[in-house]
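Numbering (this note's numbering), first residue to last: 403 to 667. Cβ coordinates follow ideal geometry from the N, Cα and C atoms, glycine included. Keep in mind it's a predicted model, so treat the numbers as computed, not measured. Here is the structure we will look at.
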Ligand code: ADP
Ligand code: MG
């Protein structure tokens, strides 16, 4: 893909799976970094109170007075004052920390409680080409807010035996949000993660996902490698930590695949 001279309209992609440890945060960071490498202007929205996406990009959210939480809860708070640039050119982060865990309960009484994130992002949406929302592992109100703001959903699935358990419920939630709140929402793709080429098992899981979801299964497969946890300890995307590692190559391929499918500018 060519480097873009102008940016926007921003396409919002929610990274969702209510199961933890499937590669949502790793994919958000590394897809964000590779799209940025290709000249896209990318905003990464940390939407998990654990703040792992912020930390993984070298932003310590526990020191911050204001995070995405304040934007959700305080009318008039300015998103531009909360967005933080990262060490990666073209990649900004809207950080989260443990404060966000209160939002799930506090938003329940709000008017249009499902569209608060959409409202928060609107002022900067067209300054970016892609906005990636790293969801927490739940299908609660915060995730529904991400789905309501989004154009597309990416579902990382780890290549493990029970990976498909729970996906039916996730798809049902996506369909409910599409019917009731956000008719434009589509599943952009399912990404197989933590693939181990040495095991028959990993290949069987990918075959089953393909049977169930057809061409929603992305061609790009992310292999299992300790370089990913190593890179997150270093608080860097793998493209910075180990630029020529196959893990970095895989996320570059994912970026190109999404651009080619029209899911990223
Ligand atoms: P989630 O956000 O879905 O909870 P993470 O992206 O945080 O999942 O990944 C969970 C753990 O697995 C982290 O320690 C991460 O470094 C590691 N991990 C993620 N992707 C891979 C991979 N492809 N190979 C090996 N470890 C991975
Ligand atoms: Mg995560």
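Separation of the CB atoms of residue 498 and residue 450 is rounded to 6 Å, and the pair is thereby assigned contact status at 8 Å. Fully enclosed beta strand (DSSP E) runs of no fewer than 3 residues occupy 554-560 of the segment 544-577, in order along the chain. In this structure, residue 591 places its C-beta atom within 9 Å of the C-beta atom of residue 557. Set against 8 Å, the gap from the CB of residue 500 to the closest heavy atom of the ligand ADP is not smaller.
In the three-state reduction of the DSSP assignment, residue 481 falls in the helix class.
Where residue 588 is concerned, the enclosing beta strand (DSSP E) starts and stops at 588-597. DSSP places residue 625 in the uninterrupted beta strand (DSSP E) bounded by 619-625. For residue 413, there is no enclosing alpha helix (DSSP H); the enclosing beta strand (DSSP E) has its first and last residue at 413-417. Within the same chain, and ignoring the five residues on either side of residue 633 in sequence, the residues whose Cβ sits closer than 6 Å to its Cβ are 640, 643. No Cβ-Cβ contact shorter than 9 Å links residue 660 with residue 446. Using a Cβ-Cβ distance cut-off of 8 Å, the segment 471-484 and the segment 417-430 are not in contact, since fewer than three pairs of beta carbons, one from each stretch, lie closer than that value. The three-state reading of DSSP puts residue 509 in helix, counting H, G and I together. Between residue 536 and residue 417 the beta-carbon gap is near 5 Å, inside 8 Å, which marks them as a contact. Residue side-chain check: residue 655 keeps its Cβ at 8 Å or more from all non-hydrogen atoms of the ligand MG.
The C-beta distance from residue 572 to residue 565 rounds to 12 Å, too long to fall under 8 Å, and the pair is not in contact.
According to DSSP, residue 487 shares a beta bridge with 494. Cα atoms of residue 667 and residue 461: separation of roughly 26 Å, rounded to the nearest angstrom.
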